[in-house]
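Heads up: the structure comes next, in structure tokens.
Number of protein chains: 2
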Amino acid sequence: MTDHIFDFIGGNAGEWKIVKMETVIGDPIQDASYLKIVNSNLQKTNEDLWTIKGLVSNVRYAEKEEKEKLLAIQAGLGRPADTCAALIPIRKNEAWWNLAQDERRKIFENKSHHIQTGLKYLPAIARKLYHCRDIGEAFDFLTWFEYAPEHSNAFEELVAALRNTEEWKYVQREIDIRLVRL
Amino acid sequence: MTDHIFDFIGGNAGEWKIVKMETVIGDPIQDASYLKIVNSNLQKTNEDLWTIKGLVSNVRYAEKEEKEKLLAIQAGLGRPADTCAALIPIRKNEAWWNLAQDERRKIFENKSHHIQTGLKYLPAIARKLYHCRDIGEAFDFLTWFEYAPEHSNAFEELVAALRNTEEWKYVQREIDIRLVRL
Chain A
30 MTDHIFDFIG
40 GNAGEWKIVK
50 METVIGDPIQ
60 DASYLKIVNS
70 NLQKTNEDLW
80 TIKGLVSNVR
90 YAEKEEKEKL
100 LAIQAGLGRP
110 ADTCAALIPI
120 RKNEAWWNLA
130 QDERRKIFEN
140 KSHHIQTGLK
150 YLPAIARKLY
160 HCRDIGEAFD
170 FLTWFEYAPE
180 HSNAFEELVA
190 ALRNTEEWKY
200 VQREIDIRLV
210 RL
Chain B
30 MTDHIFDFIG
40 GNAGEWKIVK
50 METVIGDPIQ
60 DASYLKIVNS
70 NLQKTNEDLW
80 TIKGLVSNVR
90 YAEKEEKEKL
100 LAIQAGLGRP
110 ADTCAALIPI
120 RKNEAWWNLA
130 QDERRKIFEN
140 KSHHIQTGLK
150 YLPAIARKLY
160 HCRDIGEAFD
170 FLTWFEYAPE
180 HSNAFEELVA
190 ALRNTEEWKY
200 VQREIDIRLV
210 RL
């Protein structure tokens, strides 16, 4: 029943080596050398140094046409050439969560072009969103990105574009973790 | 961190006496005599006969004006005169969850008037929505209603109106549990 929930575990072992951890805004998390991603059982664990749980859910903002474009073009995780990854946990502030659905959608897409910007970098940059706010985590979302080394510059562009949006003014905590596959 | 997650526990003890349990569509759940509602720790329990976990989250469909109307008029739970309650767990089918946000909103409000219908019965019928799909429960939502006995007919009208909507065609499982406060 919980095969859509995953533990992202930072510690001393894992299939991904952490090459950089940067606190963009808010409190940092403990430095770790490796990351592993495993199916979660929803119980809190203290395995290794830290664990952030994230779950795969339905789309919250994408409209029909956008969803169809995304499905047509997006890449799955695990492509052999994608040896680079990024894990970006963020938390938005209470002002964001107190907005109604249409207000959040307007900021998210009409003003910040979150989906359009993501589409520009598909299929080179594969991404997967995990939700964690509703299960009591310190972050609201984890986004996991995978890409080949030759797309590193494109990835930096994508991250910079998103951080420069009105939507990002609501981000009160963000950690940027970069990884390479072992 | 999980004070927004609750266990709805059916069994042989609790502050609410179950007076009727009806399976509207789909599989039934085990008959129970009492219900208690307690803060959850997110671990699966087998306390009493059954437990359904539900969490309080942000609004998913209400727009600014609707949200303001709801906030202005809605009543809190626990009014002394509200000795009647209903717990209605539902599950929607995969076709619903595969729809984009704008498609779900159109069915939910433009065609089914879910928010407008709820507003008509406020503040007499207090209601609170709990989400459970994302945490691996057998249901997607629990709605909890509280009202005074003199509003029983109004409550039946509200439930009948919602069940008669296009939105409800996506409901594949629904249990209707009625309770009185001890």
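Quick note, the sequences are listed as chains A and B, same order.
Residue numbers for the first sequence, in our numbering: 30 to 211.
Residue numbers for the second sequence, in our numbering: 30 to 211.
Backbone N, C-alpha and C fix where the C-beta goes; we use that ideal spot for every residue, glycine too.
Closer than 7 Å by beta-carbon distance: list the chain B residues that pair up with residue i, in chain order.
i	result
R132(A)	Position check: residue 132(A) holds Glu in this sequence, whereas Arg was assumed. Per Cβ cutoff of 7 Å: K93.
V88(A)	A129, Q130
How should residue i be labelled, buried or exposed, when 16 other C-beta atoms within 10 angstroms of its C-beta is the threshold for buried?
i	result
E166(B)	buried
K96(A)	buried
I154(B)	buried
K82(A)	buried
Q130(B)	buried
G147(B)	buried
P118(A)	buried
G107(A)	exposed
I38(B)	buried
E235(A)	No information on residue 235(A) is available, as it lies outside the stretch 30 to 211 that chain A covers here.
D214(B)	Since the first residue shown for chain B is 30 and the last is 211, residue 214(B) is missing from the structure and cannot be characterised.
D32(B)	exposed
G43(A)	buried
E196(B)	buried
D163(A)	buried
A91(A)	buried
Pull up the distance between the alpha-carbon of residue i and that of residue j, whole angstroms please.
i	j	result
S141(A)	L191(A)	8 Å
N122(B)	L211(B)	35 Å
T172(B)	K46(A)	44 Å
Q56(B)	E203(B)	The question names Gln, but residue 56(B) in the sequence shown is Asp. Computed Cα separation, rounded: 8 Å.
G40(A)	L78(A)	5 Å
P109(B)	Y150(A)	57 Å
R89(B)	E132(A)	11 Å
D205(A)	F174(A)	11 Å
L128(A)	E138(A)	15 Å
V213(B)	D36(A)	Residue 213(B) lies beyond the stretch modelled for chain B, which goes from 30 to 211, so this question has no answer here.
S181(B)	R207(B)	11 Å
A177(A)	R156(A)	13 Å
R120(A)	K49(B)	42 Å
V67(A)	P152(A)	25 Å
V53(A)	L99(A)	28 Å
I58(A)	F170(A)	15 Å
K65(B)	C113(B)	14 Å
A158(B)	V209(A)	Note that residue 158(B) is Leu in the sequence shown here, rather than Ala. L158(B) and V209(A): Cα-Cα distance of roughly 42 Å.
D60(B)	E51(B)	9 Å
I144(B)	W125(A)	21 Å
If you run the structure through DSSP and keep just helix, strand and coil, what is residue i?
i	result
F137(B)	helix
H180(B)	helix
E132(A)	helix
G43(B)	coil
T146(A)	helix
M30(A)	Unreliable placement is indicated for M30(A), whose pLDDT of 46 sits below 50; no coordinate value is reported for it.
A114(A)	strand
A91(A)	coil
I81(A)	strand
R108(A)	coil
D60(B)	coil
E195(A)	coil
I164(A)	helix
L158(A)	strand
L171(A)	strand
L100(B)	helix
L151(B)	coil
Which residues in chain A sit within 7 Å of residue i, going by Cβ to Cβ distance?
i	result
K96(B)	A129
W173(B)	Simply none; closest approach about 17 Å.
Against residue i, what residues of chain B qualify as contacts under a CB-to-CB distance less than 8 Å, listed in chain order?
i	result
W197(A)	Those within 8 Å of W197(A) in chain B number zero; the least Cβ separation is about 18 Å.
Any heavy atom of the ligand PLP closer than 7 Å to the Cβ of residue i?
i	result
C161(A)	For the ligand PLP, the structure offers nothing, since it holds no ligand at all.
Item to check | Where the stretch 134-164 of chain A meets chain B: residues whose CB sits under 9 Å from a CB there | outcome: Going along the stretch 134-164 of chain A in chain order, one finds R134, H160, R162, D163, I164 with a Cβ nearer than 9 Å to chain B.
Item to check | Short-range partners of chain B found in the stretch 111-127 of chain A, where Cβ spacing is below 7 Å | outcome: Identification of residues in the stretch 111-127 of chain A having a C-beta nearer than 7 Å to some C-beta of chain B yields W126, given in sequence order.
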